[in-house]
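In what follows, a structure is listed as structure tokens, so that the remarks can point back to it.
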Amino acid sequence: MLELIKKDEDKVLYQNLLDGLDSEKQKEYFSDVLAYKFYERDYKESLDSLGYGGLSDVVEQKEILKSFYEEAKDESDYFKDFEDYLVRFKAEMMLENPYKLFSTWRAEEVKLEVPNG
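Here the sequence shown stands for residues 36 to 152, numbered as in our numbering.
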């Protein structure tokens with residue numbers, strides 16, 4: 036996980052946050068590289084979708100880490116979903132294409148679920 040963190044001060048923050056988690060499950064969630072990569076990209080795309088330009092260019096990684104930490108601490112459904120191997124496979128596929136927005140993937144998924152009638 037540390038190899039994904041760019042600044043040394045953010046690496047220290049990550050380690051401190053990790054050490055502050057209570058359960059092994061929370062630590063496992065917070066250390067999940069695939070879940071973090073997906074979370075970081077989704078976080079940035081969500082900021083950019085607000086219509087104010089490239090907000091993802093100015094958000095600091097420590098803000099994303101803190102938000103990711105809160106999800107792990109709460110043992111949120113985000114991480115529970117990542118326990119499913121199909122979710123992990125889909126996340127890997129989505130991350131492989133840096134040009135296709137996650138919102139596009141989601142819209143296509145909803146389109147497939149709507150019955151023709």
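Heads up, the beta-carbon is just placed ideally off N, CA and C, and yes, glycines get one too. All values derive from a computational prediction rather than experimental measurement.
- Item | Secondary structure of Asp109, DSSP reduced to three states | Asp109: coil per DSSP, three-state reduction.
- Query: For Phe117, which three-state DSSP category applies?
  - Reply: Of the three classes helix, strand and coil, the one that applies to Phe117 here is coil, per DSSP.
- Message: For the pair the stretch 59-67 and the stretch 102-111, tell me if three or more CB-CB distances fall below 8 Å.
- Response: Two segments are said to touch when three or more pairs of C-beta atoms, one from each, lie closer than 8 Å; by this definition the stretch 59-67 touches the stretch 102-111.
- First and last residue of the alpha helix (DSSP H) that includes Ser154? There is no way to answer for residue 154, as the model of the chain reaches only from 36 to 152.
- Item | Cα-Cα separation, Leu48 to Ser84 | So the alpha carbons of these two residues sit roughly 28 Å apart.
- From Phe137, Met129, Glu75, Lys125, pick the residue whose C-alpha is nearest to that of Lys41; which is it? Checking every option, the nearest Cα to that of Lys41 belongs to Glu75.
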